[in-house]
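Using my numbering, read the sequence shown as starting at 34 and increasing by one per residue. All C-beta atoms in this analysis are idealised placements derived from N, C-alpha and C, irrespective of residue type, glycine included.
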Amino acid sequence: SVLQRLLDDQHHMVRAKAVEALVAMHAIMVQEGTDSAGGDGLLEQLKDNGARAGHLNELRQCFGSVLEANKENAPSSGVAEGKVRSQAGRCGPGRAAAPVAPPAAAPSAAEVPALDPHRVYTEAEMGRELEGVVADLTKSVDDWQLRVAALQRIHALALGGGEQFDGFGKGLKGMHEVIGAHIVDLRSQVAKEACRTVGAVAHAMGDGFNSLSDLWIPQLFKQTGNAVVVFSAAADEALVSIVGATGRGYGKMAPLLIKNASAKVPLHRAKALKMLSRALDMWEGAVFDRATEAIETLLKSKLKGG
Numbered sequence: 034s035v036l037q038r039l040l041d042d043q044h045h046m047v048r049a050k051a052v053e054a055l056v057a058m059h060a061i062m063v064q065e066g067t068d069s070a071g072g073d074g075l076l077e078q079l080k081d082n083g084a085r086a087g088h089l090n091e092l093r094q095c096f097g098s099v100l101e102a103n104k105e106n107a108p109s110s111g112v113a114e115g116k117v118r119s120q121a122g123r124c125g126p127g128r129a130a131a132p133v134a135p136p137a138a139a140p141s142a143a144e145v146p147a148l149d150p151h152r153v154y155t156e157a158e159m160g161r162e163l164e165g166v167v168a169d170l171t172k173s174v175d176d177w178q179l180r181v182a183a184l185q186r187i188h189a190l191a192l193g194g195g196e197q198f199d200g201f202g203k204g205l206k207g208m209h210e211v212i213g214a215h216i217v218d219l220r221s222q223v224a225k226e227a228c229r230t231v232g233a234v235a236h237a238m239g240d241g242f243n244s245l246s247d248l249w250i251p252q253l254f255k256q257t258g259n260a261v262v263v264f265s266a267a268a269d270e271a272l273v274s275i276v277g278a279t280g281r282g283y284g285k286m287a288p289l290l291i292k293n294a295s296a297k298v299p300l301h302r303a304k305a306l307k308m309l310s311r312a313l314d315m316w317e318g319a320v321f322d323r324a325t326e327a328i329e330t331l332l333k334s335k336l337k338g339g
């Protein structure tokens, strides 16, 4: 599989992210009662898909030692999805597993204000709402608070069942360049709110987000490589929300995940590989049928050490 090829990647960061993704997957399976602490179920699946014995032995040690480190350092907290830090470079045969960092503190209410759902009842109302949003987003680059409020209105519309109206998805598609510009805005409050809004829209629309799923991927992946954590963390969370918003999968997004997994910059590639591994684990396989050629190209690249 793609994930196993990543374990052989020439860059340490990519290999570490691949192990981290598998450790996170195993932790979730243990929580759900679908695998043992030793990872027998997941390791068997990897073996059936051609994983080498050396990788399996290393992962078995990682699974047990990381869970034990978590148990000793945070006995009541458990292992939260998305918060596992496997520290793959320190985890393996002959190496002691470092304790897993506890989950980061949740943002304060001041940082992430609770939004009330905003409901509309006709297509005409939805159209007027989105026209107002576009106007506020494009009024003045200096009035960042107005732009944040406009992004929050999109979020509130999503919370209020906006996906039930055809005009919601069409309106967002029509303003996708404006929203994309806000994702990469230089002001952290604006960029964070744009990322948060895109993730909320994906969550609200579920499978229906497919038509929009490819629109903001370039900007989100650009931000995941931002050296300023507040930007990269917001983009990471948005991508996780998008990938996790559907069980069926997003056919329009899949090729972009594969494309970004072949990026030349190691950090960019590692982030994309992590998202691709999540998608491969969570989405229906049929979603990747049209991306067979792209996956084949990626595999050949990895086999050549690219």
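Closest by CA to residue i, which one among the options?
i      : options                           : result
Val234 : Val223, Ala214 and Lys206         : Lys206
Tyr283 : Ile250, Lys307 and Val262         : Ile250
Lys307 : Asn293, Val174 and Val211         : Asn293
Asp149 : Gly165, Ala191, Lys203 and Arg161 : Ala191
Lys297 : Leu331, Leu170, Gly280 and Arg323 : Leu331
Glu53  : Ala214, Ala271 and Leu92          : Leu92
Ile216 : Ala266, Phe201, Ala189 and Gly202 : Ala266
Gly277 : Phe264, Phe254, Asn243 and Pro288 : Asn243
Gly280 : Ala260, Leu289 and Gly318         : Gly318
Gly202 : Glu156, Leu179 and Leu219         : Glu156
Leu289 : Ser246, Leu79 and Leu55           : Ser246
What do you get for residue i, buried or exposed, if any count of 16 or more other CB atoms within 10 angstroms of its CB means buried?
i      : result
Leu75  : buried
Gln252 : buried
Arg311 : buried
Val262 : exposed
Asn82  : exposed
Asp240 : exposed
Ser173 : exposed
Ser141 : Confidence in Ser141 is poor, its pLDDT being 38 and thus under 50, which makes the residue's placement too unreliable to answer from.
Ala57  : buried
Glu158 : exposed
Asn90  : exposed
Ala147 : exposed
Asp322 : exposed
Arg186 : buried
Leu248 : buried
Thr230 : buried
Ala260 : exposed
Leu309 : buried
Leu272 : buried
Leu179 : exposed
Leaving out the 5 sequence neighbours to the left and right, which residues in its chain are closer than 8 angstroms to residue i when beta-carbon positions are compared?
i      : result
Asp269 : Thr257 and Lys304
Val153 : Met159, Glu162, Leu190, Gly193, Gly195 and Phe198
Thr67  : Gly74
Gln78  : none
Cys343 : Outside the displayed span of the chain (34 to 339) sits residue 343, for which this structure offers no information.
Using a Cβ-Cβ cut-off of 7 angstroms (strictly less than) and excluding sequence neighbours within five positions of residue i, which residues of its own chain qualify?
i      : result
Gln222 : Trp177 and Val181
Val167 : Met208 and Val211
Gly72  : His59, Leu92, Arg93 and Phe96
Ser274 : Gly232, Ala235 and His236
Ala183 : Val166, Asp169 and Leu170
Arg220 : Trp177
Gly125 : Residue confidence is low: Gly125 scores 41 on pLDDT, short of 50, so the model does not pin down where it sits. Its coordinate-derived value is still stated next. Correct list, in chain order: Glu91, Gln94 and Cys95.
Lys255 : Val217
Ala324 : Ala287, Pro288 and Ile291
Starting from the C-beta of residue i, find all residues in its chain whose C-beta is less than 6 angstroms away, skip the five residues before and the five after it, and write them out in chain order.
i      : result
Asp175 : none
His301 : Gly258
Val320 : Gly282, Gly284 and Ala287
Glu226 : Val181 and Leu184
Gly204 : Leu163
Ala327 : Pro288 and Ile291
Glu238 : This sequence places Met at residue 238; Glu is not what is there. Cβ neighbours of Met238 beyond the five flanking positions: Glu196.
Gly213 : Trp249 and Gln252
Met315 : none
Phe264 : Ala224 and Gln256
His188 : Leu148, Thr230 and Ala233
Considering only residues of the segment 137–188, which uninterrupted beta strand (DSSP E) runs meet the minimum length of 3 residues and lie entirely inside it, listed in chain order? none
Can you list, in chain order, the stretches of the alpha helix (DSSP H) that have 4 or more residues and sit fully within the segment 275–304? 287–293
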